[in-house]
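The sequence shown runs 1 to 152 under full-length UniProt numbering. Ideal Cβ positions, reconstructed from N, Cα and C, are used throughout, including at glycine. Read through the structure below, which is laid out as structure tokens, and then see the notes.
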Amino acid sequence: MRPVRGTRSDPRPGDATRAGGPGVSLAARLHPSVQPLALLVAGAGAAGYLWSRDPHLPGQALPFCPWRRLTGLQCPGCGGTRMAYDLLHGDLAAAWHDNAALLLVLPLVAWLYATWLRHGLAGRRRRLRLGPRGSAVVLALAALWTVGRNLL
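Structure (structure tokens):
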């Protein structure tokens, strides 16, 4: 008996992975839009919580920066929660004062997120690939911002 053309009876290595078998992560088995949509829901929840809590006031149930608590110096992200609060309340000047670098990077982050969401909704997976040079540039800019904001 001859095998029917186009069918296989013997599994190839990797078939279980492609079929969603035991070697596949949960993220790979889900629709590509699940992760960006989950992040959107979590971000909306965090924004709603932050809307009612003023991080400029002491005693709020908000995260603190372990680097600042340990060293007394501001990290590149210090002021990000206050900046987000100020943006939610429409105070761009206060947001700039809290963390200017994050405010400048925010449009790029929004564009990257929108691209990720658009690709996910279309059923395509998209990954941000930041090579060694890109990583070095990001780290150098973060280091410059950290030094600059702590000296000035």
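Query raised in the report: Whose C-alpha, out of LEU37, SER52, GLN74, LEU106, is nearest the C-alpha of LEU152?
Result: Residue mapping note: residue 152 aligns to position 152 of the sequence shown, counting from 1. Cα-wise, what sits closest to LEU152 is GLN74.
Query raised in the report: Can you give the Cα-Cα distance for SER25 and CYS65, rounded to whole angstroms?
Result: Working through the sequence shown from its first residue, we reach residue 25 at position 25. Working through the sequence shown from its first residue, we reach residue 65 at position 65. Cα to Cα, the separation comes out at about 32 Å.
Query raised in the report: In whole angstroms, what is the alpha-carbon distance linking THR71 and ALA38?
Result: Along the sequence shown, one-based indexing puts residue 71 at 71. Along the sequence shown, one-based indexing puts residue 38 at 38. Between THR71 and ALA38, the C-alpha separation is close to 34 Å.
Query raised in the report: Using the C-alpha atoms, what's the distance from ARG124 back to TRP116?
Result: For this step, residue 116 is matched to residue 116 along the sequence shown. For this step, residue 124 is matched to residue 124 along the sequence shown. Each residue's Cα considered, the two are about 9 Å apart.
**Report entry** Own chain, CB closer than 6 Å to PRO36, minus 5 neighbours either side, in chain order
**Finding:** As a position in the sequence shown, residue 36 is number 36, starting the count at 1. TRP116, LEU117, GLY120.
**Report entry** Residue burial classification, TRP51 (beta-carbon count within 10 angstroms, cutoff 16)
**Finding:** Working through the sequence shown from its first residue, we reach residue 51 at position 51. TRP51 comes out exposed.
Report task. Find the nearest neighbour of residue 154 within the set ALA140, VAL147, ASP86, TYR113, judged by alpha-carbon distance. Result -> Residue 154 cannot be examined here, being either before or after the span of the chain that is shown, 1 to 152.
Query - Start-to-end residues for the alpha helix (DSSP H) that takes in GLN35 - result: Residue mapping note: residue 35 aligns to position 35 of the sequence shown, counting from 1. Its alpha helix (DSSP H) spans residues 34-51.
Requested in this report: Along the alpha helix (DSSP H) that carries GLY135, what are the first and last residues, could you check?
Outcome: Position 135 of the sequence shown, counted from the start, is the residue given in the question as residue 135. With the sequence shown as reference, residue 135 is identified as Ser, and Gly is not the correct amino acid for it. Counting along the chain, the alpha helix (DSSP H) containing SER135 begins and ends at 132-151.
Report task. Compare the C-alpha of residue 183 against each of GLY59, TRP96, GLY79, LEU30 and name the closest. Result -> This structure cannot settle anything about residue 183, because the visible part of the chain is limited to 1 through 152.
Query - Inter-residue spacing [alpha-carbon to alpha-carbon] between ALA95 and ALA101 - result: One-based indexing of the sequence shown puts residue 95 at position 95. One-based indexing of the sequence shown puts residue 101 at position 101. Between ALA95 and ALA101, the C-alpha separation is close to 10 Å.
Query raised in the report: Shortest alpha-carbon distance to residue 163 belongs to which of TRP145, ASN150, LEU130, ALA122?
Result: Because the chain in this structure spans residues 1 to 152, residue 163 falls outside the shown range and cannot be described.
Requested in this report: Would you mind reading off the limits of the alpha helix (DSSP H) that contains ALA100?
Outcome: What you label residue 100 is simply residue 100 of the sequence shown in a count that begins at 1. 100-121 is the span of the alpha helix (DSSP H), which, as asked, contains ALA100.
Query raised in the report: Short check: CB of MET83 to CB of LEU103, under 8 Å?
Result: Residue 83 sits at position 83 when you count from the first residue of the sequence shown. Residue 103 sits at position 103 when you count from the first residue of the sequence shown. Result yes, Cβ atoms of MET83 and LEU103 sit closer than 8 Å.
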